[in-house]
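Student: Going left to right, the sequence shown walks through residues -20 to -1, 1 to 242 as mature numbering (1 follows the signal peptide of the UniProt record, and there is no 0) numbers them.
Just so it is clear, CB atoms sit at the ideal spot from N, CA and C, and this is done for glycine as well.
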Amino acid sequence: MLKKVLLLALQMSLLGAAFGGNVLIWPMEGSHWLNIRMIIDELLRKDHNVTVLMASGALFIAPISQPSLTFEIYEVPFGKEKIEGVIKNFILTWLENRPSPSTIWRFYHEMAKVIQDFHMVCREICDGVLKNRKLMEKLESSKFEVLLSDPVFPCGDIVALKLGIPFMYSLRFSPASTVEKHCGKVPYPPSYVPAVLSELTDQMSFTDRIRNFISYHLQDYMFERLWKLWDSYYSEALGTYDNNFILLYFPCLFFFNSIHLC
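1. Helix, strand or coil: which one does DSSP assign to residue 218?
2. Quick one: grab the DSSP three-state call for residue -14.
3. In its own chain, which residues sit with a C-beta less than 8 Å from the C-beta of residue 210, not counting the 5 before and 5 after it?
4. Between residue 219 and residue 6, is the Cβ-Cβ spacing less than 7 Å?
5. By DSSP, does residue 148 sit in helix, in strand, or in coil?
6. Assign residue 179 to one of three DSSP states: helix, strand, or coil.
7. Given a threshold of 16 other Cβ atoms within 10 Å of its Cβ, counted over all protein chains shown, does residue 42 qualify as buried or as exposed?
8. Can you look up residue 74 in the DSSP assignment and give me helix, strand or coil?
9. Shortest alpha-carbon distance to residue 37 belongs to which of 27, 12, 93, 57?
10. In or out: residue 120 buried (at least 16 other Cβ within 10 Å) or exposed?
11. Count the other CB atoms, across all protein chains shown, that sit within 10 Å of the CB of residue 16; report buried if there are 16 or more and exposed otherwise.
12. Can you list, in chain order, the residues of its chain whose CB lies under 8 Å from that of residue -1, leaving out five sequence neighbours each side?
13. I need the boundaries of the alpha helix (DSSP H) containing residue 187, first residue and last residue.
14. Would you call residue 12 buried or exposed, if buried means 16 or more other Cβ atoms sit within 10 Å of its Cβ?
15. For residue -14, which residues in the same chain have their Cβ closer than 6 Å to its Cβ, ignoring the five residues on either side in sequence?
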């Protein structure tokens, strides 16, 4: 009996108070918002305070009246029709140029045009937050502890660095696997790992492996050109931060179905 009492006393001495934290969300439109919503629901269930940054021209993201959930709306120079047009163009380009051995170059060529338009919208979204001094001061005073970002929308990392808080991604995915390969140093052998957007599986024939090899190189070329457009933007926004600092600060934590992964 004494042993049980001592064991209970030991367990109780190890108990500590658990309080919810302040989480800032950098979301993405479309189906990605559904994934973020699942994570938000789980965070709220665990008594965290959640703030979602929402553009005034958001299409799918809509304010919800719920305790501990706040939507911080900021102005952008476009309406819902702009987001709707980008998503529609993406879907039509995909359906009309499905990747195959004979259409693979045209597919990536047309997709690059759509993604370039998407990046222009992203820049306006980034400006809506980063160049809004009043909003940034409000976010800084809110004392957030972490920022959860969708990896497809750029600038979530910049906001986190500006606020001096860690950040994590909602998906273990980035366009052309850029983050995974170059920052996470994850191996992507084309003979075994299908390229994003290739519609291939891990069961590939010799022809599929050749096609996958070509897909990787086309994606690297396409996204290297597209991401170069962000070099000057990141340099201007981060100022004294250098690449080594950013890489050291880069997150290895991901949320996937509310599970922490690294």
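Tutor: So, from the listed chains and residues:
1. Residue numbering aside, residue 218 sits at position 238 when the sequence shown is read from its first letter. DSSP places residue 218 in helix when its eight states are reduced to three.
2. Taking the first residue of the sequence shown as position 1, residue -14 is located at position 7. Here residue -14 sits in helix by DSSP.
3. Within the sequence shown, numbered from 1, the residue matching residue 210 stands at position 230. Around residue 210: 99, 134.
4. Numbered from 1 along the sequence shown, position 239 holds the residue referred to as residue 219. Numbered from 1 along the sequence shown, position 26 holds the residue referred to as residue 6. Cβ distance not < 7 Å, so residue 219 and residue 6 don't count as in contact.
5. Sequence index remark: in the sequence shown, residue 148 carries index 168 (1-based). In this structure, residue 148 counts as strand in the three-state DSSP scheme.
6. On the sequence shown, position 199 is the one that residue 179 refers to. Three-state DSSP puts residue 179 in coil, outside helix and strand.
7. One-based indexing of the sequence shown puts residue 42 at position 62. Exposed, because fewer than 16 other Cβ atoms sit within 10 Å of the Cβ of residue 42.
8. If you number the sequence shown from 1, residue 74 lands on position 94. Residue 74: helix per DSSP, three-state reduction.
9. The residue labelled residue 37 in the question sits at position 57 within the sequence shown. Closest by alpha carbon: 57.
10. In the sequence shown, the residue the question calls residue 120 occupies position 140. Classification for residue 120: exposed.
11. In the sequence shown, the residue the question calls residue 16 occupies position 36. Buried, since its Cβ has 16 or more Cβ neighbours within 10 Å.
12. Position 20 of the sequence shown, counted from the first residue, corresponds to residue -1. The answer, listed in chain order, is 26, 27, 28, 29, 48.
13. Counting from one through the sequence shown, the residue named residue 187 turns up at place 207. Run containing residue 187: 186 to 208, per the alpha helix (DSSP H) assignment.
14. For this step, residue 12 is matched to residue 32 along the sequence shown. Classification for residue 12: buried.
15. Your numbering for residue -14 matches position 7 in the sequence shown. Counting only Cβ-Cβ distances below 6 Å, and skipping sequence neighbours, we find nothing.
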